[in-house]
Amino acid sequence: MSESVERRERDAEPVNWRRTDGGVEIYDEANPDAWVRMEFVSGIDPDKRLYGVCDDCGLVTPQPALPSASMACGNCGAEFDADS
108 MSESVERRER DAEPVNWRRT DGGVEIYDEA NPDAWVRMEF VSGIDPDKRL YGVCDDCGLV
168 TPQPALPSAS MACGNCGAEF DADS
């Protein structure tokens, strides 16, 4: 991992999240009205997916482009095929 990434991770505020039956919920412990839930449905055309979620660590990331043949999580390094 590069030094700048390590420093950013150390300085970043933790994100509260939990898995739900169909996706993930991101929330603020101090404000019960501050939350967002995202549901992920398999079979959605890749060019219509707005976000991806790492199955291993739960990282939620925007998907600004079509997935490649192989992808890796920037947080935990888990690798995924485009079909997953």
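Here the numbering used here is used: the first residue of the sequence shown is 108, the next is one more, and so on. Ideal Cβ placement from N, Cα and C applies to all residues, glycine included. Since this is a predicted model, take the numbers as computed values, not measurements.
Contacts around residue i, its chain only, beta-carbon distance under 6 Å, and the 5 residues preceding and following it disregarded
i: residue 121; result: none
i: residue 187; result: 178
Contact set for residue i: own chain, Cβ-Cβ below 8 Å, skip 5 residues either direction
i: residue 183; result: 161, 163, 164, 166
i: residue 157; result: 169, 170
Strand pairing of residue i, partner residues [DSSP]
i: residue 132; result: 125, 144
i: residue 175; result: DSSP lists no partner for residue 175.
i: residue 152; result: DSSP output for residue 152 lists no bridge partner at all.
i: residue 186; result: 179
Assumed close pair residue i, residue j - CB separation to whole angstroms, cut-off 8 Å
i: residue 168; j: residue 144; result: 16 Å between Cβ atoms; not a contact.
Per-residue DSSP class, three states only, for residue i
i: residue 159; result: strand
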